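If you read the sequence shown in numbering that gives the first Met the number 0, its first letter stands for residue 0, the second for the next number, and so on.
So the structure is just underneath, and the comments pick up after that.
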Amino acid sequence: MPQKLVIGNWKLNGSLAANEALLKACGALAGVDRAVCVPFPYLAQAASLLGGMALGAQTVSEFQSGAYTGEVSAEMLAEMGCRYVIVGHSERRALFGEDDATVGRKAAAALRSGLVPIVCVGESLAEREAGRVMEVVGRQLGAVLEIIGAQGLSRSVIAYEPVWAIGSGRAASAEEAGEAHAAIRRWLAENGALAAEMRILYGGSVKADNAAALFAMPDVDGGLIGGAALSAQDFMAICRAAVANGAC
Ligand code: 13P
């Protein structure tokens, strides 16, 4: 079984000075796979200060090259040393108009360049309260499956990020996360993916004090960390909680 995977998503935060201080304060740590997804302009800087972590980006163009002003291709990310790229984060879906099919095409672009897409899925509070969690997540995953197939999905990381838990300070309980992750793994298996070998990360208000309980759930294979990834102390505490909870 692979070890757990903890990824920091810095979102729209950072500066050369702050990044250097943050990355230098994240020392080596065995027993967990770690990565940081940084804003595009800082990829080169972060690549030089990783200290054993992997590098990732927060989005990618669905296009390979050409007249697409402002876009960044998967090939460029690979050339800069990225291993991962987040696709379909709820902020991109809600604020930048990315629909399910766009997310699938971005995942396809990532795979074509040898990157591992981190496919984000998750329901809103209204959808959860209406009992529609797997209807929504199944639709989001289904659109990606249609484009990259079960083989492509098997090479991806899934991040379950309930929209109501992101940046709210109200994480899903370990039971809520565990239940959703188990349902996602069942969905993946039913749709032909190598579900048992895939990593399903939880994201949404993961902090040093709730990480251990979340990571103890059998289907929670790690975390996608927003706010707490901007503090080396908090990020490292979360990574240590992943170490303590062992393999996926
Ligand atoms: P927070 O950890 O700040 O809630 O953000 C989660 C997230 O969106 C990670 O991608």
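Glycine included, each C-beta is placed from N, C-alpha and C at the ideal position.
All values reported here derive from a predicted model rather than from experimental measurement.
Task: I147 - DSSP class collapsed to helix/strand/coil - done: helix
- [ ] May I ask whether a heavy atom of the ligand 13P can be found less than 6 Å away from the beta carbon of N8?
- [x] yes
Open item on the list: Below 6 Å, is the gap between the Cβ of I224 and the nearest heavy atom of the ligand 13P?
Closed with: A heavy atom of the ligand 13P is found nearer than 6 Å to the CB of I224.
Task: One or two residues paired with C36 in a DSSP bridge - done: Answer is N8, G55, bridged to C36.
Open item on the list: Between the alpha carbons of A223 and E78, how many angstroms are there, rounded?
Closed with: Reading off the sequence, residue 223 comes out as Leu, not Ala. Cα-Cα distance, rounded: 23 Å.
Task: Range of the contiguous beta strand (DSSP E) that encloses V242 - done: Run containing V242: none in the beta strand (DSSP E); it sits in the alpha helix (DSSP H), 231 to 243.
TODO: Starting from I199, follow the alpha helix (DSSP H) in both directions and report where the run begins and ends.
DONE: It is not in any alpha helix (DSSP H) - I199 instead sits in the beta strand (DSSP E) that spans 199 to 202.
Open item on the list: In whole angstroms, give me the CA-to-CA distance for A272 and V136.
Closed with: No information on residue 272 is available, as it lies outside the stretch 0 to 247 that the chain covers here.
Task: Identity of the residue in V35, A108, V162 nearest A231 by Cα - done: Selected option, being the one with the closest Cα: V35.
Open item on the list: On the DSSP bridge list, what partners appear for V84?
Closed with: V84 is bridged by DSSP to A56, P116.
Open item on the list: Considering only the alpha carbon of each residue, which of A227, W163, V143 lies closest to I157?
Closed with: V143
Open item on the list: Can you give me the C-alpha to C-alpha distance between Q2 and M216, rounded to a whole angstrom?
Closed with: 14 Å
Task: Option in D32, I147, I165 with minimal Cα separation from A241 - done: Per the Cα distances, D32.
Task: Unbroken beta strand (DSSP E) run spanning I224, endpoints - done: For I224, the enclosing beta strand (DSSP E) stretches over residues 221 to 224.
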